[in-house]
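Residue numbers (the working numbering), protein chains in the order written: chain A, 85 to 395; chain B, 972 to 1266; chain C, -10 to 518.
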Amino acid sequence: MLRFILIRLLQALPVILVVITATFFLVRSAPGGPFDQEKVVIPEVKRALEAQYRLDLPLHEQYFAYLGDLAQGDLGPSFKYPGRSVNEILFSGLPVTAELGLYALLIALSIGVLAGVLASLRPNTVQDYIPMSLAMIGICMPSFLLEPLLVLVFGIWLDWLPITGWGDIPGDKILPSITLGAAYAAYIARLSRAGMLEILSQDYIRTARAKGLSEFRVVTKHALRGGLIPVVAFLGPAFAGLLAGSFVVETIFQIPGLGRFYVQAAFNRDYTMILGTTVFLSTLIVFFNIVSDVVAAWLNPRLRGQLGGGR
Amino acid sequence: MTTSAADLLANAEQGSSLWQDAWLRLRKNKLAVFGGAVLLFMIVIALLTPWIAPYSYETQNLDLGATPPSAAHWLGTDIFGRDVLTQIMYGGRISLAVGFVATAVALLIGVTWGAIAGYVGGRVDAIMMRLMDILYALPFMIFIVLLMVVFGRNILLLFLAIGAVEWLTMARIMRSQVQSLRQQEFVEAAVSLGLSPATIIRRHVVPNALGPIIVYTTLTIPSVMLLEAFLSFLGLGIQPPATSWGLLISYGAETMEEYPWLLIFPGSALTLTLFSLNFLGDGLRDALDVRGSKD
Amino acid sequence: MALLEVDNLAVSFVTRNGTHQAVKGVSFSVEEQQITAIIGESGSGKSVSCYAMLGLIPSPPGRIDGGTALFDGQELLALSEKELREIRGRDIAMIFQDPMTCLNPFMTIGEQLIEPLMVHKAVSRVQAKTRAIELLEEVGIRSPASTFNSYPHEFSGGMRQRVMIAMALINEPRLLIADEPTTALDVTIQAQILELIAELQRKRNIGVLFISHDLAVVADIADQIVVMEQGEMVERGHPQQLFSNPQHPYTRKLLNAIPSGQREAERVSPNALITVKGLRTWFHPQGSDEPVKAVDDVSLDIYRGEVLGLVGESGSGKSTLGRSLLRLAPVTEGSVHFDGTDVTALEGNPLKDFRRRMQMIFQDPFASLNPRMTVYDTLAEPLLLHGICDRKGLDGAIAKLMDDVGLARHFIRKYPHEFSGGQRQRIAIGRALATKPEFIVADEPVSALDVTIQAQILDLLEALGGEYGLTMLFVSHDMAVIRRIADRVLVMYRGKLIESGTTAAVFENPQADYTRSLLASIPSGHVAA
Chain A
85 MLRFILIRLL QALPVILVVI TATFFLVRSA PGGPFDQEKV VIPEVKRALE AQYRLDLPLH
145 EQYFAYLGDL AQGDLGPSFK YPGRSVNEIL FSGLPVTAEL GLYALLIALS IGVLAGVLAS
205 LRPNTVQDYI PMSLAMIGIC MPSFLLEPLL VLVFGIWLDW LPITGWGDIP GDKILPSITL
265 GAAYAAYIAR LSRAGMLEIL SQDYIRTARA KGLSEFRVVT KHALRGGLIP VVAFLGPAFA
325 GLLAGSFVVE TIFQIPGLGR FYVQAAFNRD YTMILGTTVF LSTLIVFFNI VSDVVAAWLN
385 PRLRGQLGGG R
Chain B
972 MTTSAADLLA NAEQGSSLWQ DAWLRLRKNK LAVFGGAVLL FMIVIALLTP WIAPYSYETQ
1032 NLDLGATPPS AAHWLGTDIF GRDVLTQIMY GGRISLAVGF VATAVALLIG VTWGAIAGYV
1092 GGRVDAIMMR LMDILYALPF MIFIVLLMVV FGRNILLLFL AIGAVEWLTM ARIMRSQVQS
1152 LRQQEFVEAA VSLGLSPATI IRRHVVPNAL GPIIVYTTLT IPSVMLLEAF LSFLGLGIQP
1212 PATSWGLLIS YGAETMEEYP WLLIFPGSAL TLTLFSLNFL GDGLRDALDV RGSKD
Chain C
-10 MALLEVDNLA VSFVTRNGTH QAVKGVSFSV EEQQITAIIG ESGSGKSVSC YAMLGLIPSP
50 PGRIDGGTAL FDGQELLALS EKELREIRGR DIAMIFQDPM TCLNPFMTIG EQLIEPLMVH
110 KAVSRVQAKT RAIELLEEVG IRSPASTFNS YPHEFSGGMR QRVMIAMALI NEPRLLIADE
170 PTTALDVTIQ AQILELIAEL QRKRNIGVLF ISHDLAVVAD IADQIVVMEQ GEMVERGHPQ
230 QLFSNPQHPY TRKLLNAIPS GQREAERVSP NALITVKGLR TWFHPQGSDE PVKAVDDVSL
290 DIYRGEVLGL VGESGSGKST LGRSLLRLAP VTEGSVHFDG TDVTALEGNP LKDFRRRMQM
350 IFQDPFASLN PRMTVYDTLA EPLLLHGICD RKGLDGAIAK LMDDVGLARH FIRKYPHEFS
410 GGQRQRIAIG RALATKPEFI VADEPVSALD VTIQAQILDL LEALGGEYGL TMLFVSHDMA
470 VIRRIADRVL VMYRGKLIES GTTAAVFENP QADYTRSLLA SIPSGHVAA
């Protein structure tokens, strides 16, 4: 098992390197620099600033210098907010985004799995049509459409829930989490339904029934284990998607999280901020994908042997 | 049994191919038919928009401002006095175009890549897969945002960027299809007959791999359209004076309290189209899934 | 009173395409401590009857139309689902056909094994485990304790079927229903499992309902045989009586279909058409250093005009050998000389020319035909590719092929899925014969077919062999079939040739131990010809 993980981690390194390199050169090749949009700056001051941020060095030297810093975990100073380092800004936004993502994921998993499993038990009946229609809506309605609607209904017309902020007013975490999690609940519902249907048609389910087990036991002890594997495998991509979705949700609900910082940095050509956030998020995504793959493989005894230490 | 050879085909009973069976099954699926009909409707409107739109695209009526639906303006007007229905029609052209073109790009690259990797196998496949794995692991969302910011909102680039994200999964599907087909005995039989690889791929492999590809293509289009809407919403996609449903929704969201129709109508158009595509895709998947009966 | 008494049972399936009557009023019984066998081909309704009794048929679309099923005096069909569940696994137990798919791959063997015990009886987990291990030993599993903690995929088909049997017997049921329990197993393992079931039945005095398609298999162990065709019971009686004096035409058809007789080696010319020297086909699976030696150093000759039988169990390499001869499997080492030329060295157009002269018939008639091509397309392809005829003569050539293989001409535009298994195999044979080849490899051509159809196709192959002057390599795991059709026999085991000789020599005087055990596994029903 350990060997498998190590191999995957090693395979991930070139990926991250490619990400860093591509981002670096992409951002730098764009027209305009971080200081162009500011108020008019005296040439000498501009030169001094550029020297401080190493912008006067040839591009490839900047690149290697950056790599060096990275190795030490230093993401550099922010252009936009002098005096604050990227690390600082990132880590202030991280807990917020993490919490939002976690809640969204929990909502998505609990609603999705429940709906999907229930639907799979009575296919092509009302118990199937209702959850699946709702799931279809969840998939077809983008979060930035769902959000205004939810805000309109719950925030303004009914005035039940707050519509901005995070952690300031009780209950202000509900709408954002639901908005973000809705689409994923839909995907997970469909995935678990499909997975369960596939498993329920297997021969060994018939064996289980022939042994006289109750239907409840057949579903929970025999079917769920295999049926939910696609959901576990989906968690990796879901994580990446949740991060992307958080850009929008944080912008709309004005939540001070990573997503909002990233979008702002992109607009402001804040090089180090863009680079730092990209590297950080990419590493996180890659890591999470590995975890999800390992867990999905581990859940299947046939693949468990391949993880290492097989018989 | 002494019919002459010439009568052979004349006396033959008509067979029912798998495509025909699938089409019959699809027709019975009401949701899918509904989806297909709506989609067709949307496409026709989009194509005919320059001729049938009630107002010209740029017509503004600043005195009018935003008004709710009325006889003159079926879906109301926006804050510049522009007819919402016209906006939605023109926006639909862009949104649908992006959806179809980007998907076509993804399809072309993905199917070719997957077919080669799947059929040739061995070292070539291993290399191609490794490349795909690296690309797959890259957080594309982040890259697209980056690209859009850096290079400006060039619509061509938008197509390419979106296509670049979607082709990966298409290639994966094609590859796994081709791989499993390659092991099927009728492909082995084709090899033993002495057919060339090109002929085998063309006549035996591709027609049988089409099923999942068609389904996935139908389901990729809404995914692409969502992506475009997402980017436009963030301000990174289509930019004025052009418009798309995503852009319209973002404007509508800003003023949703005072003028909810500016949000609801474009939102409905987008959601309705996505619904149709998904229903159609699901219906196709069910119809094409059963590959004929086995004994 | 019989243990199980079924009277006039009728079951149908209601689907969108109409109502299909799977079982049309069937009656049979199982006496205490006796074995009743139900014999039928696919579509006979033999499995459906038993599943329906126990409520294992999904209720739409399945529907019990009528009849009674008395188990120990209790009417099964009148019981509620809850009551049926109590009987299932406790008083009536079932084992199924495919041990690969019938055990839950996500649970350990032990976990699955103790389940029926813990659900039906109030025992502690420890007690259940002890009992389970005892049973594993009883069914012949050598290290029961470690098996308890392992997963199904770590074991072979035979072992898994033993586990299934243990799982069925753990609650000491009165009746065991076995649905084709040996069909998916290798011949030698089949014999072992049959013996195990018979032994356990005697020891524990249980009644057994044994479902099968193979008359010969059950002739050895059944006290009573019930024959079903298309949902109806056509005959029943004691095996001896059935074999010696069958009443119903279908029963006679089944009996005739059992391959019998031994071929007289004839017209074997001294010229070797194919000479194989030191053939090795090794595979290197991913993630493993050990190569799989599918064909390991095999040398043989095939003479013009003969039918050479190649027999072996799964994993013996017989299919790979056949494919290697045709360059469908990558040859690692060695040579294959066809009419003087080494085929392993050919590429491009020369290879294509040779392909015309050697063809293959595959095992699964459904998978070996392109589902999107009509019969016309399938037969035209080889004809046009090798220029056997031009466009004008195409229709005539195709018509002749269809006549030769016994397919009605007016089916020409139909697609594979519109045919039955036997008909599809005829199409496949037609395709193989289109190029007028000299040599054909038939890889288990009848194994996937119903027994009565098997006989027809074997007849066809024999007739065509003579008519077209074919040399044939006939690969099979079925000794009786080989005995009937082959002039000479080769026996393979784990990639190596371990015996060869004329059919008479190999069957009457086997040299290798393995051959002896193969022959011993043939159910006596086959030999009694």
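From the three backbone atoms N, C-alpha and C, an ideal C-beta is built for every residue, glycine too. Being a predicted model, the structure only gives us computed values, none of them experimental.
If you draw a straight line from the Cα of residue 10 (chain C) to the Cα of residue 436 (chain C), it is about 27 Å long.
With fewer than 16 other CB atoms across the displayed protein chains lying within 10 angstroms of its CB, residue 342 (chain C) is exposed. Proximity to residue 1045 (chain B) across B:1012, B:984, B:1236 peaks at B:1236, based on C-alpha coordinates.
According to the DSSP secondary-structure assignment, residue 289 (chain C) is paired through a beta bridge with C:265. Closer than 8 Å to the CB of residue 95 (chain A) there is not a single CB belonging to chain C. Scanning its chain for C-beta atoms nearer than 7 Å, with the 5 sequence neighbours on each side dropped, one finds around residue 242 (chain C) the residues 441, in chain order. Taking C-beta separations shorter than 8 Å and ignoring five residues to either side along the sequence, the partners of residue 92 (chain C) in its chain run 98, 101, 141, 149, 152, 153, following chain order. Residue 1206 (chain B) and residue 1143 (chain B) do not touch by the CB rule: their CB atoms are close to 32 Å apart, not below 8 Å. Taking CB atoms only, residue 148 (chain A) has no neighbour in chain B less than 8 Å away. One thing to note: residue 1252 (chain B) has its Cβ within 8 Å of the Cβ of residue 1186 (chain B).
Spatial neighbours of residue 225 (chain C) in its own chain (CB-CB distance under 6 Å, excluding positions within 5 residues in sequence) are listed in chain order as 215. Shown here, residue 53 (chain C) sits in a strand according to DSSP, grouped into three states.
For the pair residue 85 (chain C) and residue 172 (chain C), the Cα-to-Cα distance works out to about 10 Å.
Contacts with chain A at 8 Å (Cβ-Cβ) do not include residue 1074 (chain B). Chain C places a beta carbon closer than 8 Å to that of residue 987 (chain B), counting this residue as a contact. Minimum Cα-Cα distance from residue 400 (chain C) among the listed residues C:421, C:364, C:410, C:369 corresponds to C:364. Using a Cβ-Cβ distance cut-off of 8 Å, the stretch 113 to 132 of chain C and the stretch 195 to 203 of chain C are not in contact, since fewer than three pairs of beta carbons, one from each stretch, lie closer than that value. Contact annotation: in the stretch 307 to 334 of chain A, residues whose CB is within less than 8 Å of a CB in chain B are 324, 325, 327, 328, 331, 332. Excluding its 5 nearest sequence neighbours in each direction, residue 305 (chain C) has C-beta neighbours in its own chain below 6 Å: 481, 482, listed in chain order. Inter-segment contact for the stretch 1005 to 1019 of chain B and the stretch 1241 to 1259 of chain B is present: three or more beta-carbon pairs are separated by less than 8 Å.
Between residue 1090 (chain B) and residue 1172 (chain B), the CB-CB gap stays under 8 Å. Beyond the five residues adjoining it in sequence on each side, residue 315 (chain C) comes within less than 7 Å, by CB distance, of 347, 349, 430 in the same chain, given in chain order. The C-alpha of residue 268 (chain C) lies about 44 Å from the C-alpha of residue 99 (chain A).
Listed along chain A are 224, each with a C-beta nearer than 7 Å to that of residue 1245 (chain B). Residue contact with chain C for residue 294 (chain A): present (Cβ-Cβ distance below 8 Å to some residue of chain C).
Residue 465 (chain C): member of the beta strand (DSSP E) spanning 460 to 465, first to last residue. Look at residue 197 (chain C): its C-beta is not under 8 Å from any C-beta on chain A.
In the DSSP assignment, residue -3 (chain C) falls within the beta strand (DSSP E) that extends over -7 to 4. Considering only B:1041, B:1078, B:1009, B:1054, the residue with the shortest C-alpha distance to residue 1031 (chain B) is B:1054.
Taking a beta-carbon distance threshold of 8 Å, residue 98 (chain A) counts as an interface residue toward chain B. The contact set of residue 220 (chain A) on chain B, defined by CB atoms closer than 8 Å, consists of 1246, 1249, 1250 in chain order. Those residues of the stretch 1175 to 1186 of chain B placed with their C-beta closer than 7 Å to a C-beta in chain C are 1175, 1178, 1179, ordered along the chain.
Spatial neighbours of residue 500 (chain C) in its own chain (CB-CB distance under 6 Å, excluding positions within 5 residues in sequence) are listed in chain order as 488.
Residues of chain C whose Cβ lies closer than 8 Å to the Cβ of residue 212 (chain A) do not exist, since the nearest Cβ in that chain is about 14 Å away.
In summary, the residues of the stretch 314 to 342 of chain C whose CB is separated from some CB of chain B by less than 7 Å are 315, 317, 341, in the order they occur in the chain. DSSP places residue 19 (chain C) inside the beta strand (DSSP E), whose first and last residues are 7 to 19.
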